[in-house]
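Since the structure comes first, as C-alpha cells, the remarks are kept for the end.
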Amino acid sequence: MNGDGRGTPDPEPIGRIPPYLRAQPSGAAPVGPPNRDATTDRSATLRPFVLTSGRVNAVDPEIDVETQVTLRPHDPRVGRVPLGSLGPEMQAMVALCGQPISVAEISARLRLHLGVTKILVADLRAAGYLDVHVADTLSPVSADTILRVMHGLRALS
Amino acid sequence: MAYALFPDTPTKRPPVPVKIIVAGGFGVGKTTTVRSISEIAPLTTEAEMTSVAIGVDEPRAESHKTTTTVAMDFGCVTIDETLKLYLFGTPGQDRFGFMWDDICLGALGAVVLVDPRRITDSFPGIDYFEANAIPFVIGVNVFDGAPRYPTPEIREALGVAHDTPIVECDARNKDSVKMVLLTLLESLVAKAQARAHMR
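The listed protein sequences correspond, in order, to chains X and U.
Residue 650 in our numbering sits at position 31 of the first sequence; the count goes up by one each step and never skips.
Residue 1298 in our numbering sits at position 194 of the second sequence; the count goes up by one each step and never skips.
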C-alpha cells in the first residue's frame, strides 16, 4: 500500500470505494479482463485481511456463503467508479459474476478468504457493480421447496 | 425488480439457494460425500471459525475460544432453474468444537457422518446441531472391512433422540448419498407440513 492519495484531495469523484481498495494510481490501471494469476499470487502472499484494510466483519451480515451474486445492469444515469480503477481482486469478482454465482464459489475460484470475499462483495454492491440476492434465512423453507429438492435429487442419475 | 429496467442487458434471475451441512470427524468422508453428489468437483474455501475447547470439566469454555482459519469443502446440485442445493462440509477437528454459525444459518438441515470405530468424533457436530435446533440425520459411513453395528447400538452410543434418523451409507456411492439426503429431507417435509397446519 503506497501512501499517495492520503491527505491529498482526490480530484475525481469516486463512488463509495474506499481508497485502499482502489488500484494503485501510478501507471496505467489495468482495463479489461484482470490477470487471474496476478490475483491469486497476490492473495497467496498477503495476509488475507490486508485486502480489506483490516476490516474483518462483513458490512452486510445477511451475505451468506450460499448467497447468489449477479452483475448489476449498468444504469448510465448512475455514475460509478471505472472498473479499471478497482483493485485486481474486485475486477476479478466482477468478471466472475456474469452468471449467477454463490459467495462461496467466488471465494474458492479467486482463492480469497471467505470473510474477505464477503466484504469485497458488499463493497462492489455499494459501488453499483453487483447485485446481492439476499435470501430470507429467518423464515423456514416451505414444504413445497423441500419436496422440489427431493424431486430433483431423485431425478439425478 | 431491477432486472427489467434495462432490457438490453438481460440478467438471469439467480436460483434460490438452499443448503445442507455435512459434518463429522476428521477423515469420516465429508468431502467424499460432497464429491459423490455434487455436479462440480468440490471447491475449497477458507473461513474463519471460532473453535471452542470441549470438555465437561471446563466450566468456563468462554475463555478458551480461539479463532482459526479452516478449509471448507462444498459442492452443489442444480435442482432446476430456480432452485440450487449447496452442500457444505464443515471442517473436522477431533478435539475442538467449531462455531459454524456463519455456515449453518438458514440451512435446511445437516448430515452427521459417523465412523463406528471413532464414534466420539461425531459428538461436536451432534452437540452443535442439537444446541442450535438444526434438524439432522446420522449417516453411518460403512468402511470396507470395518465392523458393523446394529442401529440401536449406534443410537445408544451417540445418545441421539429416537426420532433422529440413522442410516448406513457409503460416502463414495452417489445413490447412497442421495438416500441419506432424501432421509433428511423427508423428515423435514413432515415438520414443515406440521408447521403449516398450525398456522
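We put the CB at the ideal spot given by N, CA and C, even for glycine.
Quick caveat, the model's predicted, so the values are computed rather than measured.
Mind checking which residues open and close the alpha helix (DSSP H) that includes L715 (chain X)?
In the first sequence, the residue the question calls residue 715 (chain X) occupies position 96. L715 (chain X) -> alpha helix (DSSP H) spans P707 to L715.
Rounded to the nearest angstrom, how far is the Cβ of A727 (chain X) from that of L1147 (chain U), given a contact under 8 Å?
Numbered from 1 along the first sequence, position 108 holds the residue referred to as residue 727 (chain X). Numbered from 1 along the second sequence, position 43 holds the residue referred to as residue 1147 (chain U). About 4 Å; that satisfies the 8 Å criterion.
Any idea if A1250 (chain U) is buried or exposed, counting beta-carbon neighbours within 10 angstroms, 16 or more meaning buried?
Within the second sequence, numbered from 1, the residue matching residue 1250 (chain U) stands at position 146. A1250 (chain U) should be labelled exposed.
Is the segment 1216–1224 of chain U touching the segment 1120–1135 of chain U in the sense that three or more CB pairs, one from each, lie closer than 8 Å?
yes
Enumerate in chain order the residues of its own chain whose CB-to-CB distance from V1122 (chain U) is below 6 Å, with the five nearest sequence positions on each side excluded.
As a working mapping, residue 1122 (chain U) is identified with position 18 in the second sequence. These residues qualify, in order along the chain: L1189 and L1212.
How is the beta strand (DSSP E) around H732 (chain X) delimited, first residue to last?
Position 113 of the first sequence, counting from 1, holds the residue named residue 732 (chain X). Careful: H732 (chain X) lies outside any beta strand (DSSP E) and carries neither H nor E.
Assess, as a yes-or-no matter, whether the segment 1270–1286 of chain U is touched by the segment 1239–1253 of chain U under the definition of 3 or more beta carbon pairs within less than 8 Å.
yes
Alpha-carbon to alpha-carbon, D1248 (chain U) and H1266 (chain U)
Counted from its first residue, the second sequence places residue 1266 (chain U) at position 162. Counted from its first residue, the second sequence places residue 1248 (chain U) at position 144. So the alpha carbons of these two residues sit roughly 28 Å apart.
Grab the span of the alpha helix (DSSP H) containing Q1297 (chain U) for me, first residue to last.
Numbered from 1 along the second sequence, position 193 holds the residue referred to as residue 1297 (chain U). Segment K1278 to M1302, the alpha helix (DSSP H) holding Q1297 (chain U).
Partners in chain X for R1299 (chain U), counting only beta-carbon separations shorter than 7 Å:
As a first step, residue 1299 (chain U) is located in the second sequence; it is residue number 195 there, counting from the start. In chain order: P759.
Once DSSP output is grouped into helix, strand and coil, what is the label at Y1190 (chain U)?
In the second sequence, counting from the first residue as 1, residue 1190 (chain U) sits at position 86. In this structure, Y1190 (chain U) counts as strand in the three-state DSSP scheme.
Identify every run of the alpha helix (DSSP H) within the segment 1222–1278 of chain U, keeping only runs that are complete inside it and at least 4 residues long; order them along the chain.
1227–1235 and 1255–1262
Exposed or buried, Q718 (chain X), counting other C-beta atoms within 10 Å across all chains shown (16 or more means buried)?
Translated into the one-based positions of the first sequence, residue 718 (chain X) becomes position 99. Exposed: under 16 other Cβ atoms inside 10 Å.
Are the segment 744–762 of chain X and the segment 1250–1259 of chain U touching by the rule of at least three beta carbon pairs closer than 8 Å?
no
Mind pulling the chain U residues with CB within less than 8 Å of S704 (chain X)?
Here residue 704 (chain X) refers to the residue found at position 85 of the first sequence. Within chain U, no residue comes near S704 (chain X); the closest Cβ sits about 21 Å away, beyond 8 Å.
Straight-line Cα distance separating A1214 (chain U) from I1238 (chain U):
Within the second sequence, residue 1238 (chain U) is the residue found at index 134, counting from 1. Within the second sequence, residue 1214 (chain U) is the residue found at index 110, counting from 1. So the alpha carbons of these two residues sit roughly 7 Å apart.
Cβ neighbours of F1227 (chain U) in the same chain (closer than 6 Å, five flanking residues each side left out):
Stepping through the second sequence from its first residue, residue 1227 (chain U) is reached at position 123. There are no such residues.
If we define contact as Cβ-Cβ less than 8 Å, is G1210 (chain U) a contact residue for chain X?
In the second sequence, residue 1210 (chain U) corresponds to position 106, counting from 1. Interface residue, yes.
Give a yes or no on whether the minimum CB-CB distance between N1245 (chain U) and chain X is below 8 Å.
Reading the second sequence from its first residue, position 141 is the one you call residue 1245 (chain U). No, N1245 (chain U) lies away from the interface with chain X (no Cβ there is under 8 Å from its Cβ).
Could you list which residues in chain X have their beta carbon closer than 8 Å to that of T1148 (chain U), in chain order?
In the second sequence, the residue the question calls residue 1148 (chain U) occupies position 44. Simply A727.
Alpha carbon to alpha carbon, how far is P707 (chain X) from P692 (chain X)?
The residue given as residue 707 (chain X) occupies position 88 in the first sequence. The residue given as residue 692 (chain X) occupies position 73 in the first sequence. Cα-Cα distance, rounded: 21 Å.
Under a CB-based cut-off of 8 Å, is E1185 (chain U) close to chain X?
The sequence position of residue 1185 (chain U) within the second sequence is 81, counting from 1. Cβ-Cβ to chain X under 8 Å: no for E1185 (chain U).
Counting along the chain, where does the alpha helix (DSSP H) carrying L772 (chain X) start and finish?
The sequence position of residue 772 (chain X) within the first sequence is 153, counting from 1. Its alpha helix (DSSP H) spans residues A762 to A774.
Where I1207 (chain U) falls: helix, strand or coil (DSSP)
Here residue 1207 (chain U) refers to the residue found at position 103 when the second sequence is read from its first residue. I1207 (chain U): helix per DSSP, three-state reduction.
Integer Cβ distance of M1150 (chain U) from T1173 (chain U), believed to fall under 8 Å:
If you number the second sequence from 1, residue 1150 (chain U) lands on position 46. If you number the second sequence from 1, residue 1173 (chain U) lands on position 69. A small fix is needed here, since residue 1150 (chain U) is Glu in this sequence, not Met. That pair is a contact at about 5 Å.
Closer than 6 Å by C-beta to V768 (chain X): which residues in its own chain qualify, once you throw out the five before and the five after it? Chain order, please.
Within the first sequence, residue 768 (chain X) is the residue found at index 149, counting from 1. The answer is none, since no qualifying residue turns up.
Under the three-state DSSP convention, the category P1121 (chain U) falls into:
Taking the first residue of the second sequence as 1, we reach residue 1121 (chain U) at position 17. Strand.
Take R777 (chain X) as the anchor and find which of X:S761, X:L749 and X:P759 has the nearest alpha-carbon.
Residue 777 (chain X) lies beyond the stretch modelled for chain X, which goes from 620 to 776, so this question has no answer here.
is_contact[T689 (chain X), chain U] using C-beta, thresh 8 Å
Here residue 689 (chain X) corresponds to residue number 70 of the first sequence, with the count starting at 1. Taking Cβ atoms only, chain U reaches closer than 8 Å to T689 (chain X), which makes this a yes.
Along chain U, in chain order, which residues have C-beta atoms closer than 7 Å to that of D742 (chain X)?
As a working note, residue 742 (chain X) is residue 123 in the first sequence. Within 7 Å Cβ-Cβ: nothing; D742 (chain X) doesn't reach chain U, min ~18 Å.
Compare the C-alpha of P1287 (chain U) against each of U:R1299, U:V1181, U:A1298 and U:T1268 and name the closest.
One-based indexing of the second sequence puts residue 1287 (chain U) at position 183. Checking the displayed sequence, the identity of residue 1287 (chain U) turns out to be Thr instead of Pro. Among U:R1299, U:V1181, U:A1298 and U:T1268, the Cα nearest to that of T1287 (chain U) belongs to U:T1268.
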